[in-house]
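>
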Amino acid sequence: MKDFYLVYKNLTRKKLRLFLTCFAIFIAFLIFGAVTALQGALNSGVEMSADNRLVVFNKINFTQPLPYAYVNKVRSIDGVEHVTHANWFGGYYQEPANQIVTMAVAPESYFEVYEELVVDPQQKASWLANQAGVLVGERLAKVNNWQIGDRIPISSSIFSHKDGGQTWDLVVEGIFTANDPQIDTGYMVFHYKYFMETQSWGGDYVGWIVLTTEDPALNEQVAKAIDENFANSQAETDTDTEKAFNKAFIEQIGNIGLIIFGVVFMAFFTILVLVGNTMVLAVRERTNEIAVLKTLGFSSPRIFRMILTESCLLSFLGGLLGIGAAFLVVRFLSEMMARFLPNLVLGSDILLQALGYMLLLGLITGIVPAVNALRLNIISAFARG
Amino acid sequence: MSVISQSLAVIKMNVLSLPRRVWMSLAMVLAAAVVVAVLLAFLAMAKGFEATMQSAGSEDVAFFIRTGSAAELNSTVTKDQVNLISEAPGIASNDDGPLVSPELYVIVDGIKKSTGTEANIPLRGIEPQGLAMRENFSLTQGRLFTPGTDELIVGEGILRQFDGFELGQEVRFGKNRWTVVGVFSTGGNVFESELWADARVIQTLYNRGSSYQSVRAKLEPGASLQSIEQYLKQDPRLNQEVQSEAAYFATQGESLGYMALFGRVISSIMALGALAGALNTMYTSVADRAKEIATLRAIGFSNLSAFIGTLVEAMVLALIGGIIGALAAFALFDGMNASTLGGSFTQVVFSFELSTDLILQGIYLALIIGFISGFFPAWRATSVPVAVAFQSRG
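As you go down the protein sequences, you meet chains A and B in turn. Note that the UniProt record's numbering has the first sequence beginning at 1, numbered continuously upward. Note that the UniProt record's numbering has the second sequence beginning at 1, numbered continuously upward.
Below, the structure written as structure tokens:
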């Protein structure tokens with residue numbers, strides 16, 4: 001305990017320096033926490049994809065449709081468990097800038113394929129019974145403050161209603177959640193049949209097909225079978241795992257993300273180097289005092305421990321405050337930007353990573369002066385001073 | 001001795017003795033360099049993207065898409081509607097008739113060089129009047145596509161960022177085969193991130209019948225968009241809205257505007273952290289020299305000259321850091337090719353642009369850091385009574 005008092009006194013002897021050092025560490029970890037959470041949010045689609053889920057798109061591009069007949073053809077392929085399909089509606093609420101991710105889906109099978117989505121059975125039954133009903137994801141419902149029973153006019157930036165205009169009046173029949181907070185629920189789904197019957201162009205096509213395989217080991221075989229089945233037909237397909245598709249989609253945002261995160265992490269480490277430099281200097285100033293302690297009979301390992309404790313304490317003091325502030329900032333941002341950015345959370349993995357860096361910072365900045373102190377020869381130290 | 005000559009003497013002494021304090025000086029330089037480099041990286045990116053989007057849009061081109069569709073990709077315009085639009089007031093014409101260009105916009109997949117994965121590229125269906133309307137259009141290799149054939153020309157941006165679009169190559173989208181017969185430039189703007197082919201051929205291959213997606217019309221000098229708006233409202237057969245092409249691209253480019261804001265926020269917060277580090281360094285550095293500074297004052301140098309000497313030292317270090325940071329950012333980022341998803345869901349290829357005014361912004365920031373981190377330590381060093389300074393342990 002006495003040692004701890006000495007450590008405390010050493011740490012607080014120059015209040016201004018303590019404050020400045022802590023502040024720099026604080027900033028470094030604040031940025032680290034916030035930016036890592038942001039990066040995690042961008043990548044969550046990849047991490048959250050199911051292992052045995054495949055997506056089938058038109059080979060030209062995922063914005064091109066597939067004939068409806070493909071759905072049943074895919075169902076008959078060996079190794080396929082459940083099959084469903086979806087169409088992009090291009091929805092918005094009241095104003096075009098207020099985009100609502102809306103898909104027209106096969107109502108029965110959609111929730112078989114997306115098993116992680118949870119709907120109250122009663123809500124699901126009433127949705128199935130109402131052609132103009134819509135199931136809204138929890139996050140989307142929260143952002144727009146929609147309740148079950150609300151009648152919401154959703155417009156399309158692509159399709160026209162056959163009765164004129166571009167707006168569909170839909171009724172919220174239920175709200176679905178997910179069994180993991182990282183899974184995005186910022187979208188809504190309504191009936192494919194109703195959509196096809198009410199839009200002015202008509203037709204018989206789906207946007208894309210989603211299926212699950214009986215076993216992830218069959219993925220490659222099934223994907224190959226599907227693409228071969230439709231080779232040289234009017235619409236060739238491109239089948240991929242959901243994970244690969246999401247990853248490719250994120251890569252479309254491109255090296256920009258890579259550059260930003262690269263730059264920010266470089267800066268994070270530089271701030272740590274700067275702070276480390278001052279911390280090392282601060283201990284070096286005290287060579288004389290360490291010699292005095294040794295003369296008084298403090299053993300070398302004890303002094304070694306004291307110096308390491310001091311540097312780690314400093315690093316954790318600034319670091320924990322910083323990561324704490326990052327947590328608050330992320331909480332605030334995820335409320336503010338719920339519309340644009342799903343899944344913005346500072347999870348335990350980021351916290352662990354940050355704790356690791358704090359420990360590393362404390363050890364690296366402490367180890368040089370601590371070793372010097374360990375080796376310090378009392379006589380030469382006094383002679384120097 | 002005047003204050004000025006005294007100050008000069010102190011500045012000279014401080015600057016020349018910098019190598020003696022090499023670690024502390026380096027820390028200060030590094031702090032300024034990093035902040036400047038981070039700021040400039042973000043600004044150069046935002047600037048490059050902005051330039052690409054903005055130079056594409058022309059103020060004297062009217063741009064028509066279906067009301068509420070927000071982007072070319074979602075819109076439809078029938079052939080009849082195109083004919084009606086070409087009769088709108090104030091549209092310029094040349095020898096081939098009114099300068100009206102109905103266009104198609106289809107998304108196809110290309111393989112990105114940087115990641116080896118598929119990414120969205122726009123394939124634009126265009127007619128001769130559309131080419132005539134784009135004044136900065138020029139072919140840099142090969143020739144124009146022949147109307148009615150499956151030939152296409154590729155933008156220079158596509159050539160830089162995507163594989164397999166070299167002159168003479170055959171490209172496949174689904175089961176359709178195309179031949180690259182030319183490479184075009186439009187002066188570095190967003191159209192260079194596109195593939196262009198004959199609109200009629202695309203209508204056939206993509207089951208579009210005789211419909212298009214957007215219409216561009218060249219305006220006569222002095223013609224106003226308002227009279228065209230009136231014209232559109234009066235005719236119930238038209239469900240299009242009109243804006244200038246420049247306005248359209250400005251909204252399409254907004255997404256990366258947030259990026260610049262994000263960059264400024266991050267680099268200001270980071271600047272605070274680096275400032276704390278720099279202040280620390282200067283305080284330590286000045287405290288180390290408390291005796292020297294006290295000696296100067298004891299032998300007759302004024303407080304002001306000692307103060308200025310220390311302040312200038314910090315600013316010189318920060319300036320060196322700022323210049324290093326700017327040079328590093330210039331070497332790493334200027335002209336760097338990048339591509340990202342633009343407003344209409346397709347890849348926009350652009351280059352980072354680190355212009356002189358951005359570099360100046362970086363240097364200013366470095367000087368501010370230098371000033372603040374020199375001011376307070378210098379103030380403290382020169383306000384301590386000389387006798388006390390001599391007693392403190394150096």
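All residues carry an ideal CB built from backbone N, CA and C; glycine is no exception.
1. Quick one: which chain B residues come within Cβ less than 9 Å of A:Lys9?
2. At what residues does the beta strand (DSSP E) containing B:Val108 begin and finish?
3. Of the residues B:Met133, B:Ser69, B:Asn120 and B:Ser373, which one's Cα is nearest the Cα of B:Asp96?
4. For my contact list, B:Val61 and B:Glu229 are in at a C-beta cut-off of 8 Å; report their separation, rounded to the angstrom.
5. Check for me: the beta strand (DSSP E) holding B:Gly155 runs from which residue to which?
6. With distances taken between CB atoms, is the gap from A:Met279 to A:Ser311 smaller than 7 Å?
7. Between B:Gly394 and B:Thr340, what straight-line distance do the alpha-carbon atoms span, to the nearest angstrom?
8. Can you check the region 244-322 of chain B for any alpha helix (DSSP H) of at least 4 residues that lies completely inside it and give the ranges in chain order?
9. Curious, which full-length beta strand (DSSP E) runs of at least 3 residues does the region 196-231 of chain A contain?
10. Three or more C-beta pairs under 8 Å: does that hold for the region 64-75 of chain B against the region 208-219 of chain B?
11. Using a C-beta to C-beta distance shorter than 7 Å, which residues of chain A count as neighbours of B:Ile228?
12. So the alpha helix (DSSP H) residue 393 of chain A belongs to, where does it begin and stop?
13. Please go through the same chain and pick out, in chain order, the residues whose beta-carbon is closer than 6 Å to the beta-carbon of A:Phe261, but skip the five residues on each side of it.
14. Comparing C-alpha positions only, which one of B:Ile369, B:Val388, B:Gly130 and B:Val348 sits nearest to B:Thr52?
15. What residues of chain B sit near A:Phe23, judged by a beta carbon separation below 8 Å?
16. Please name the residue or residues paired with B:Val349 in a DSSP beta bridge.
17. Any C-beta of chain A sitting closer than 7 Å to the C-beta of B:Ile107?
18. Does A:Ser157 get closer than 7 Å to chain B when you measure Cβ to Cβ?
19. So what does A:Pro181 bridge to, in DSSP terms?
20. Do you know offhand how far A:Thr177's Cα is from A:Thr84's?
21. Apply the 10 Å Cβ neighbour rule to A:Phe4 and answer buried if 16 or more other Cβ atoms are within range, or exposed otherwise.
22. For A:Val263, return the contacting residues in chain B, with the cut-off set at a CB-CB distance below 7 Å.
23. Taking just the CA atoms, how far does A:Gly322 sit from A:Met117?
24. Taking the alpha-carbon of A:Ile364 as reference, which of A:Leu351, A:Ile307 and A:Ile350 has the nearest alpha-carbon?
25. With DSSP as the reference, please indicate the residues paired to A:Asn61 in a beta bridge.
26. How about B:Val108 and A:Asn72: are their beta carbons less than 7 Å apart?
27. Find the nearest neighbour of B:Phe330 within the set B:Ala389, B:Glu353 and B:Leu30, judged by alpha-carbon distance.
28. DSSP state of A:Gln99, grouped into three classes?
29. Count the other CB atoms within 10 Å of the CB of A:Lys9; is the residue buried (16 or more) or exposed (fewer)?
30. Tell me which residue opens and which closes the beta strand (DSSP E) that A:Gln155 is part of.
31. With a threshold of 7 Å on Cβ separation, who are the neighbours of A:Ala106 within its own chain once the five nearest residues in sequence on each side are excluded?
32. Given this structure, state the Cα-to-Cα distance separating B:Ala359 from A:Asp184, to the nearest angstrom.
33. Would A:Ile378 be called buried (16 or more neighbouring beta carbons within 10 Å of its own) or exposed?
34. Quick check: is the beta carbon of B:Ser185 nearer than 7 Å to any beta carbon in chain A?
35. Going by DSSP in three states, B:Gly394 sits in which element: helix, strand or coil?
36. Which of helix, strand or coil does DSSP assign to A:Leu296?
Short version:
1. The contacting residues do not exist; A:Lys9 stays about 17 Å from chain B at best.
2. Val100 to Lys112
3. B:Met133
4. The pair is not a contact, with the Cβ atoms about 15 Å apart (cut-off 8 Å).
5. Secondary structure note for B:Gly155: its beta strand (DSSP E) is the uninterrupted segment Glu151 to Gly155.
6. yes
7. Its pLDDT being 43, under 50, B:Gly394 is placed unreliably in this model, and the coordinates cannot settle the point.
8. 245-252, 254-288 and 290-298
9. Runs found: 208-213.
10. yes
11. Per Cβ cutoff of 7 Å: no residues; B:Ile228 is ~20 Å from chain A at best.
12. Since the first and last residues shown for chain A are 1 and 385, residue 393 of chain A lies out of range.
13. Gln39
14. B:Val348
15. Leu272, Gly273 and Ala276
16. B:Ser339
17. Answer yes: the Cβ-Cβ gap between B:Ile107 and chain A drops below 7 Å somewhere.
18. Output row for A:Ser157: interface = yes.
19. Answer is none; A:Pro181 lacks a bridge partner.
20. 19 Å
21. exposed
22. Simply Val38 and Ala41.
23. This sequence places Leu at residue 117 of chain A; Met is not what is there. Rounded to whole angstroms, A:Leu117 to A:Gly322 spans 35 Å at the Cα level.
24. A:Ile307
25. A:Asn61 pairs with nothing; no bridge assigned.
26. no
27. B:Glu353
28. strand
29. exposed
30. In the sequence as displayed, the identity of residue 155 of chain A is Ser instead of Gln. From DSSP, the beta strand (DSSP E) with A:Ser155 extends over Arg151 to Ser156.
31. Thr84, His85 and Tyr192
32. Note on identity: in this sequence residue 359 of chain B is Ile, with Ala being the wrong assignment. Answer to the nearest angstrom: the Cα atoms are 41 Å apart.
33. By the 10 Å Cβ count, A:Ile378 comes out exposed.
34. no
35. Unreliable positioning characterises B:Gly394 in this predicted model, as indicated by a pLDDT of 43, which lies under 50. The coordinate reading is nonetheless provided below. Coil, per DSSP.
36. coil
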